[in-house]
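Following our numbering, the numbering of the sequence shown begins with -12 at its first residue and continues without gaps. Backbone N, C-alpha and C fix where the C-beta goes; we use that ideal spot for every residue, glycine too. Read through the structure below, which is laid out as structure tokens, and then see the notes.
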Amino acid sequence: KLCEGILNILEKDTKTSCQVACLEALRILSRDKKVLVPVTTKRNMQILMKLAKLDTVEDPLERVSEFPVIVEALKCLCNIIFNSSVAQKLSLELNLAAMLCNLLQKCKDRQLVGDIKCFDLRLLFLLSLLHTDIRAQLRQELQGVQVLTQALESSLSVRWTEEYKAAEDRDRPPLSLQETDCAIEALKALFNVTLDSWNVHSKNESHQFRYMAAILRHCLLTTGPTEEKTEELH
């Protein structure tokens, strides 16, 4: 009942501070699988997707004041999808992966969107891990390899000297914690999406995998903010 009450408040046009507080409470509650059973419905998923700006294809990410709401809504969706098989099935029906790819593209070349990008990538990782149909959809329909590779490239701030050769700068500073976390989530999602890709057929696929291999090499030469984070990245 508490979760349902929170979602009823979130469905209304409330203040940003109220939305963030409600989402933080829901995120904590959503760690309990028993609590999720009555609230994992199509309507409730759509409420969270709307708050995460996943229901708007054209609208850019402009209102910085809304960013904390987007991040918390994405965190809630991560917990719900991880803990609920019903939510995993609804994700396919609601075309969640396509909406996440679209949000990821909106984050491109934007400032202050690191947390949005990171939890978008984490949600794509969870979907590609837990639902084989979504994994196939990402690979075949949504150009998931390209989208995720570009997200990884952006997180690592890759500069190119040749088509498949990244610039090597031994003196560059370590990645920030946020950049490292985004890169790790992109790598995890890429692993899932390319898991069954041992047989590359088209010229475009060949280019995509050579491009990805160059970025992965660059990744191995990159350090994170701590030794532990560098190890996790590699």
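What's the gap between the Cα of Lys62 and the Cα of Gln133? 24 Å
For Gly131 and Thr1, I'd like the C-alpha separation in whole angstroms. 35 Å
Classify Asn66: buried if its beta carbon has 16 or more other beta carbons within 10 angstroms, exposed otherwise. buried
For the ligand COA, I want to know if Cys88 counts as a neighbour, meaning its beta carbon is within less than 8 Å of at least one of the ligand's heavy atoms. For the ligand COA, the structure offers nothing, since it holds no ligand at all.
Measuring CB atoms only, is the segment 110 to 117 touching the segment 79 to 89, in the sense that at least three cross pairs come out at less than 8 Å? yes
Report buried or exposed for Arg146, applying the criterion of at least 16 other Cβ atoms within 10 angstroms of its Cβ. exposed
Beta-carbon proximity of Lys216 to Thr167, cut-off 9 Å: yes
Whole-angstrom Cβ separation of Leu135 and Ala173, contact assumed at under 8 Å? 5 Å
Option in Ala170, Arg122, Gly211, Ala138 with minimal Cα separation from Asp183: Arg122
Between the alpha carbons of Leu220 and Leu91, how many angstroms are there, rounded? 20 Å
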